[in-house]
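As structure tokens, the structure follows; a few thoughts come after it.
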Amino acid sequence: MADRSGPPLVEMRDISISFGGIRAVDHVSVDLYPGEVVGLLGHNGAGKSTLIKCLSGAYRQDSGDILVNGEKVEIANPRDARDHNIETIYQTLALADNLDAASNLFLGRELTTTLGFVDDAAMEAETRRIMGRLNPNFRKFSAPVKALSGGQRQSVAIARAVYFQAKILIMDEPTAALGPQETQMVAELIQELKKDGLGIFLIDHDVHQVKSLCDRAAVMKNGELVGIVDVDDVSTDDLLAMIIAGKKPEHPAA
Amino acid sequence: MTDASSRSAPSRGRNILKTLEIDTRLLGMVGAFVIVCIVFNVMTDGRFLTPRNIFNLTIQTVSVAIMATGMVFVIVTRHIDLSVGSLLATCSAMMAMTQTSLLPAMGLDFGNPLIAPVAILVGVATGALIGGFQGWLVGYLSIPAFIVTLGGLLVWRNVAWYLTNGQTIGPLDETFQLLGGIGGTLGTTGSWVVGALGVIAACVAVWSARRARIRHEFPVKPVWAEAVLMVVSAVLILGFVATLNAYEVPARVLERQFEAAGRTMPEGYSQGYGVPYSVLLLVLVAVTMTVVARKTRLGRYIFATGGNPDAAELSGINTRLLTVKVFAIMGVLCGLAGLVASARLSFHSNDIGTLDELRVIAAAVIGGTALAGGVGTIYGAILGALIMQSLQSGMAMVGVDAPFQNIVVGAVLVLAVLVDILYRKKTGAT
Numbered sequence: 004m005a006d007r008s009g010p011p012l013v014e015m016r017d018i019s020i021s022f023g024g025i026r027a028v029d030h031v032s033v034d035l036y037p038g039e040v041v042g043l044l045g046h047n048g049a050g051k052s053t054l055i056k057c058l059s060g061a062y063r064q065d066s067g068d069i070l071v072n073g074e075k076v077e078i079a080n081p082r083d084a085r086d087h088n089i090e091t092i093y094q095t096l097a098l099a100d101n102l103d104a105a106s107n108l109f110l111g112r113e114l115t116t117t118l119g120f121v122d123d124a125a126m127e128a129e130t131r132r133i134m135g136r137l138n139p140n141f142r143k144f145s146a147p148v149k150a151l152s153g154g155q156r157q158s159v160a161i162a163r164a165v166y167f168q169a170k171i172l173i174m175d176e177p178t179a180a181l182g183p184q185e186t187q188m189v190a191e192l193i194q195e196l197k198k199d200g201l202g203i204f205l206i207d208h209d210v211h212q213v214k215s216l217c218d219r220a221a222v223m224k225n226g227e228l229v230g231i232v233d234v235d236d237v238s239t240d241d242l243l244a245m246i247i248a249g250k251k252p253e254h255p256a257a
Numbered sequence: 019m020t021d022a023s024s025r026s027a028p029s030r031g032r033n034i035l036k037t038l039e040i041d042t043r044l045l046g047m048v049g050a051f052v053i054v055c056i057v058f059n060v061m062t063d064g065r066f067l068t069p070r071n072i073f074n075l076t077i078q079t080v081s082v083a084i085m086a087t088g089m090v091f092v093i094v095t096r097h098i099d100l101s102v103g104s105l106l107a108t109c110s111a112m113m114a115m116t117q118t119s120l121l122p123a124m125g126l127d128f129g130n131p132l133i134a135p136v137a138i139l140v141g142v143a144t145g146a147l148i149g150g151f152q153g154w155l156v157g158y159l160s161i162p163a164f165i166v167t168l169g170g171l172l173v174w175r176n177v178a179w180y181l182t183n184g185q186t187i188g189p190l191d192e193t194f195q196l197l198g199g200i201g202g203t204l205g206t207t208g209s210w211v212v213g214a215l216g217v218i219a220a221c222v223a224v225w226s227a228r229r230a231r232i233r234h235e236f237p238v239k240p241v242w243a244e245a246v247l248m249v250v251s252a253v254l255i256l257g258f259v260a261t262l263n264a265y266e267v268p269a270r271v272l273e274r275q276f277e278a279a280g281r282t283m284p285e286g287y288s289q290g291y292g293v294p295y296s297v298l299l300l301v302l303v304a305v306t307m308t309v310v311a312r313k314t315r316l317g318r319y320i321f322a323t324g325g326n327p328d329a330a331e332l333s334g335i336n337t338r339l340l341t342v343k344v345f346a347i348m349g350v351l352c353g354l355a356g357l358v359a360s361a362r363l364s365f366h367s368n369d370i371g372t373l374d375e376l377r378v379i380a381a382a383v384i385g386g387t388a389l390a391g392g393v394g395t396i397y398g399a400i401l402g403a404l405i406m407q408s409l410q411s412g413m414a415m416v417g418v419d420a421p422f423q424n425i426v427v428g429a430v431l432v433l434a435v436l437v438d439i440l441y442r443k444k445t446g447a448t
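Residue numbers (this note's numbering), protein chains in the order written: chain A, 4 to 257; chain B, 19 to 448.
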């Protein structure tokens, strides 16, 4: 169980953001503790991805604060987020298809030689090392990631987040494009990262998956937060009611 | 997952290519080039592949080839630059005006050794500034590159006109003219030295790449494969030098030189031209651009942005600034190309570089740069420029009428892209 005695790893306080008059996120607050997985649930367009993009630096909130380890931080772009050890695995994976695994893993943070040139051999060595841990079957180190399977691409995206010692990990539907076996691999990985004390925001559609992987679930509807519940206190039906009807369970199921 | 080895054994020829890790599409291009050369050589009764013609082909290619290397970066980042020919003209006009009126007015007389370097600096700076400005319009103001540079095509051509009042400016400074081609060569001995240095550099590059892989315990090619690569590059480099050295300076030119020095030419004296400075400049540009593409963060970001702009941005790459840099590089190369083009003519003319944008884009595309972005090589673009130039001057030598020349060149461009599409479909390559 997550340790909630200290300050939260990250706290998003009263976040709002609008696009052309439409409130995509409306005064939403969520927090995340070390070693905890918080699921973000909701329909398409409920505002989950938009909310989380404020944390990853892709968007800038109109109002509201983001606190990391209890301190207020400014996240204006993806680089700022990375500086606060916030790593994101996007639904689209955000990989440059024409480059190989090592180039993608280190994109924006290349290892360089003393002369300032990119050190491909060192990056490939590091990639081999971390892939040996995450996905030992991975072999295609010199092929462009376009040539990889969905699961292999996913492991490249995950490796990128894990390699740089993320403290806060955002996963946007990490298993949407994966088969059962690969989904299992991601589930195991999440458990492992939890043990290492990372905090994970998991955006997902699948209520059952959220029940099994997450500690708490935050449900959004039409840009507003319906509620945050401990997944052990609610049934999947309760979660579905929150997603569909926006109804918070009055008596948490025993 | 199926392993590559579990599939049916590929043919032996393909195996050797695989071991050598030679790009099959590069081989295809070299093949096409060789065929073009042989066909023209037969049609001209052996006049096409003479040292003299190869020398001329080489110096005619330099200007377009220099710009084509920059166009690779532009197209890889999913942009286009239609203004390169006009930008070349503006840079050339700036250089011409600097050396013929600006510097002399400041007290630097004709023949002053400072004139050429200052003029070149002005030209290159002009290119960088204008290129960077166009890049800013594209990157920060989000105007499509096609529109920005289409406007630039008109604007810079006429800025050049305005700067020179439409006059032909010349003759240019003598030192400046050394970079034009035949007016400045290394001579035979110097060429051999440069060739030898090139061979050494190529071997060292192959060997140090191998050493780096061994250090990290990656699989490496067999030693014989590396040796073959080294021998092939040595033969190519030295063969090229030998060809350029074999083109001898005409006897009357030598006689005039001796007369000017107040001596008489010894009986049977001869001298080869060797490698022109302009070609040396191209080699320098090509090596630098290749290093930038493969070994620097800038190059990595250029290719990443071309492959997936969103991913690049989410990885913290400043893609707007990157666009400015790419267009500024293109501008610098237009400056250098303007230097070579005007020095070759020995004057700046109002129509210098007209239609070069088409030649440059065609060279990059024939050289395998994909307009969809993310894919392209520097050496491919240079080879593409060489193929275009060979076609053009080959047809001129055979006596093909001017309209047909352009019809053929246009058709070849379209055909090359078609072949490329079919090739990619077949191999599934990027």
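No residue lacks a Cβ here, since even glycine has one placed at the ideal position from N, Cα and C.
Tell me Ile400 (chain B)'s beta-bridge partners as DSSP assigns them.
According to DSSP, Ile400 (chain B) bridges with nothing at all.
Taking its Cβ as the centre, do 16 or more other Cβ atoms sit within 10 Å of Gly226 (chain A), making it buried, or is it exposed?
It counts as buried.
Do you know whose CA, among A:Met223, A:Val213, A:Ala128, A:Asn47, lies nearest Ser238 (chain A)'s CA?
Out of A:Met223, A:Val213, A:Ala128, A:Asn47, A:Val213 has the C-alpha closest to the C-alpha of Ser238 (chain A).
Among the residues of its own chain, which have a CB less than 8 Å from the CB of Leu205 (chain A), if the five just before and after it don't count?
The residues are Val40, Val41, Gly42, Leu43, Met174, Pro177, Ile193, Val213, Leu216, Cys217.
Just checking my contact of Met415 (chain B) with Thr62 (chain B) at CB under 8 Å: how many whole Å lie between their CB atoms?
Right, their Cβ atoms sit about 5 Å apart.
For a test of the three-state rule: what should DSSP assign to Ala27 (chain B), helix, strand or coil?
Confidence at Ala27 (chain B) is low in this model, with a pLDDT of 43, below 50, so its placement is unreliable and the value that follows should be read with caution. Ala27 (chain B): coil per DSSP, three-state reduction.
Is Pro177 (chain A) close to chain B? Criterion is C-beta to C-beta, closer than 8 Å.
For Pro177 (chain A), the answer is no, since every Cβ of chain B falls outside 8 Å of its Cβ.
Any C-beta of chain A within less than 7 Å: which residues of the stretch 91 to 102 of chain B qualify?
Result list empty, no residue passes.
Residues in the same chain with beta-carbon distance under 8 Å from Asp83 (chain A), minus the five sequence neighbours each way, listed in chain order, please.
Same-chain partners within the cutoff: Gly60, Val76, Glu77.
Could you check the C-alpha separation between Leu196 (chain A) and Gly38 (chain A) for me, to the nearest Å?
Leu196 (chain A) and Gly38 (chain A): Cα-Cα distance of roughly 8 Å.
Is any beta-carbon of chain B found at less than 8 Å from that of Met15 (chain A)?
No, Met15 (chain A) lies away from the interface with chain B (no Cβ there is under 8 Å from its Cβ).
Three Cβ pairs or more, each shorter than 8 Å: is that satisfied between the stretch 28 to 35 of chain A and the stretch 178 to 186 of chain A?
Touching, no.
Return the bridge partner residues of Asp4 (chain B) from the DSSP annotation.
The question about residue 4 (chain B) has no answer, for chain B in this structure spans 19 to 448.
Given that a residue counts as buried once 16 or more other Cβ atoms are within 10 Å of its Cβ, and exposed if not, what is Thr395 (chain B)?
Its Cβ being crowded by 16 or more others within 10 Å, Thr395 (chain B) is buried.
Let me know the secondary structure DSSP gives Lys204 (chain A) once reduced to three states.
The question names Lys, but residue 204 (chain A) in the sequence shown is Phe. Strand, per DSSP.
In the structure shown, what three-state DSSP assignment does Lys443 (chain B) receive?
Lys443 (chain B) falls in the helix class under three-state DSSP.
Residues in the same chain with beta-carbon distance under 7 Å from Phe258 (chain B), minus the five sequence neighbours each way, listed in chain order, please.
Contacts found: none.
Taking only the alpha-carbon atoms, compute the straight-line gap between Pro69 (chain B) and Gly290 (chain B) and give it to the nearest angstrom.
Taking the straight line joining both Cα atoms gives about 10 Å.
With 9 Å as the limit, tell me which residues of the stretch 330 to 349 of chain B have their beta carbon closer than that to any beta carbon of chain A; keep them in chain order.
Taking 9 Å as the Cβ-Cβ cut-off against chain A, the residues of the stretch 330 to 349 of chain B that qualify are Ala330, Glu331, Leu332, Ser333, Gly334, Ile335, Asn336.
For Ser19 (chain A), list the residues DSSP reports as bridge partners.
Answer is A:Ser66, bridged to Ser19 (chain A).
Can you check whether the CB of Ile84 (chain B) is closer than 8 Å to the CB of Leu300 (chain B)?
Yes, they are a contact pair.
Return the Cβ separation of Val71 (chain A) and Leu102 (chain A) in integer angstroms, given the expectation that the two are a contact with Cβ distance under 8 Å.
Not really, about 30 Å apart at Cβ, beyond 8 Å.
Helix, strand or coil for Thr42 (chain B)? Go by DSSP, reduced to three states.
Helix, per DSSP.
If we count the other Cβ atoms within 10 Å of its Cβ and call it buried at 16 or more, is Ala27 (chain B) buried or exposed?
Low local confidence applies: a pLDDT of 43 at Ala27 (chain B) is under 50, so the model's placement there is unreliable, with the coordinate-based value given in what follows. Result: exposed.
Check whether the stretch 333 to 349 of chain B and the stretch 96 to 112 of chain B touch, using three or more Cβ-Cβ pairs below 8 Å as the test.
They touch, by the three-pair rule.
For Ser408 (chain B) and Leu75 (chain B), which I take to be in contact (beta-carbon distance under 8 Å), what is that distance rounded to the nearest angstrom?
Contact holds; Cβ gap of about 6 Å.
By Cβ distance, which residues of its chain are closer than 6 Å to Val222 (chain B), with the 5 residues on each side in sequence left out?
Nothing listed; no residue qualifies.
Return the chain-ordered list of same chain residues with a C-beta closer than 6 Å to the C-beta of Glu273 (chain B), the five sequence neighbours on each side being excluded.
Answer for Glu273 (chain B): Met283, listed in chain order.
At least one CB of chain B closer than 8 Å to the CB of Phe120 (chain A): is that the case?
Chain B contact via Cβ: present.
Using a Cβ-Cβ cut-off of less than 8 Å, list which residues of the stretch 67 to 93 of chain A approach chain B; keep chain order.
Listed in sequence order: Asn80, Pro81, Arg82, Arg85, Thr91, Tyr93.
Would you report the Cα separation of Ala230 (chain B) and Gly88 (chain B), rounded to the nearest angstrom?
Approximately 29 Å, taken between the alpha carbons.
Run down chain A in chain order and give the residues with a C-beta less than 9 Å from the C-beta of Thr395 (chain B).
Per Cβ cutoff of 9 Å: no residues; Thr395 (chain B) is ~12 Å from chain A at best.
CB-CB under 7 Å to Phe73 (chain B), same chain, minus the five flanking residues each way: which ones, in chain order?
Taken in chain order, the residues that qualify are Leu262, Tyr265, Tyr291.
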